[in-house]
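Since the structure comes first, as structure tokens, the remarks are kept for the end.
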Amino acid sequence: MAPGRAVAGLLLLAAAGIGGTAAGPGLAFSEDVLSLFGANRSLSAAQLARLLEQLGAAPAEGVAEQGQLHFNQCLSAEEIFSLHGFSNTTQISSSNFSVICPAVLQQLNFHPCEDRPKHKTKPNISEVWGYGFLSVTIINLASLLGLVLTPLIKKSYFPKILTFFVGLAIGTLFSNAIFQLIPEAFGFNPKSDNYVEKAVAVFGGFYVLFFFERVLKMLLKAYGQNDHTHFSNDDFGPSREKTHQPKTLPAINGVTCYANPAVTEPNGHIHFDNVSVVSLQDGKTESSSCTCLKGPKLSKIGTIAWMVTLSDALHNFIDGLAIGASCTLSLLQGLSTSIAILCEEFPHELGDFVILLSAGMSTRQALLFNFLSACSCYVGLAFGILVGNNFAPNIIFALAGGMFLYISLADMVRN
């Protein structure tokens, strides 16, 4: 007996009395069926399909069941033949007709080929807009998490915290591009394409080489043979004398600045314990590790700040698209999408805030531009609701993924 035959089919077979040998009344019944639907006391796959159609157990046209055949699937005549080891050209005689009877009876009893209407009600338009805007507002509050860092800016241990969050931003941007944006741009399905393992390999290949390079530099430096360093000879002069008391720098454009001598360098670089976090483009020593109360001119802010703001706005726009399209299908799906985006935005926005600070922005400027980029999520939400799930922003996914890779690898890792 074929392994795909259901227990229910066996019960129906026993109740019908056609199990065992095809003899006596059972043989007569089989011959009646074969003479009615077959030819020459045999039944082909096409004739079996006509039998299923007469019984109301035939699959609808264009309906294809994927995966392994089992008792609760809608089976075509060819699939019943294949399930029992017969080819499509086989002629079923009365002697082996009882072999396929359980499958026919099962299709007739369970009605798996019937189209059962799914009564799914979509949320009304007011619920979609209301819950969508609520979700985006909660997500955008993550962009204000930088406020918790404001009291720590003048502390002596703030450079270490800054370095940690810059690393957090690198990991978030890089992993977001590799695991989410670029696969979405190519239209990969994580359940069928198995791209996650390949993305992990890309991620691991980068960090293995990066770790090897760092270890090699440490070994060469220990033996005094490191000729590839971020520091010049002047960096290790008397000016490297550390003190943990902040000092006031001369006023620049009428704005008071504070500098930590532990991170002030004469060549215009900011150094945190032998790690260069950001290079100031103007090269002025007065602006080293400088936190201004009112904020510098926008022209004095590093280019990386604007790149982060722009790419983050694109990313938030895409997040809004996903939330809007999900909410139009069901509120539960919109909620699950919003929770996933919130978990990703929590470290992302915090890391972006620290990048803006390290690029030369004041606290107020960093909060303002970080929040403005987050507000693009509202635009994406509106577009996603209006267009629904018929829009595939593959080009935007690819563009944002490329920007995230460039920022994390070209601009941030070297610092």
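Sequential numbering from -8 applies to the sequence shown in this note's numbering.
The beta carbon of each residue, even a glycine, is placed where N, CA and C say it ideally should be.
- Distance from the Cα of Leu347 is smallest, within the candidate group Ile332, Ala331 and Ser364, for Ser364.
- Ranked by Cα distance from Val370, the first of Ser317, Leu359, Ile309 and Asp343 is Ile309.
- Looking only at Ser399, Ala357, Ile332 and Met352, the smallest Cα-Cα distance to Cys368 is reached by Ile332.
- Taking a cut-off of 8 angstroms for Cβ pairs, the region 343 to 357 and the region 113 to 126 do not touch, as fewer than three such pairs fall below it.
- Within the model, the alpha-carbon separation for Ile314 versus Thr328 is close to 6 angstroms.
- One Cα belongs to Gly178, the other to Glu69, and the distance between them is close to 33 angstroms.
- Looking at the DSSP output, Ile83 shares a beta bridge with Leu34.
- If you draw a 10 Å sphere on the C-beta of Val299, you find 16 or more other C-beta atoms in it, and that means buried.
- Assigned with DSSP and collapsed to three states, Asn185 falls in coil, not helix or strand.
- Leaving aside the five residues that flank Cys366 on each side, the residues in its chain whose CB is nearer than 7 angstroms to its CB run, in chain order, Asn131.
- Annotation: Ile169 to Ala213 spans about 35 angstroms, alpha carbon to alpha carbon.
- Between His75 and Val90, the gap from beta carbon to beta carbon is short of 7 angstroms.
- Short of 6 angstroms from the beta carbon of Ala36, and not among the five residues preceding or following it, lie these beta carbons of its own chain, in chain order: Ala68, Glu69, Phe72 and Asn79.
- For Asp303, the CB contacts under 6 angstroms within the same chain, skipping 5 residues up- and downstream, are Asp343 and Ser364 in chain order.
- In this chain, the alpha helix (DSSP H) harbouring Gln356 covers Thr354 to Ala365.
- In this structure, DSSP gives Val404 a state outside helix and strand, which the three-state scheme calls coil.
- The three-state reading of DSSP puts Lys212 in helix, counting H, G and I together.
- If you draw a straight line from the Cα of Leu211 to the Cα of Phe203, it comes to about 12 angstroms.
- Residues of the same chain with a CB within less than 8 angstroms of the CB of Phe395, apart from the 5 flanking positions on each side, are Leu164, Phe165, Asn167, Ala168, Leu172, Ser302 and His306 in chain order.
- If you check the CB distance, Ala350 and Ala296 come in under 7 angstroms.
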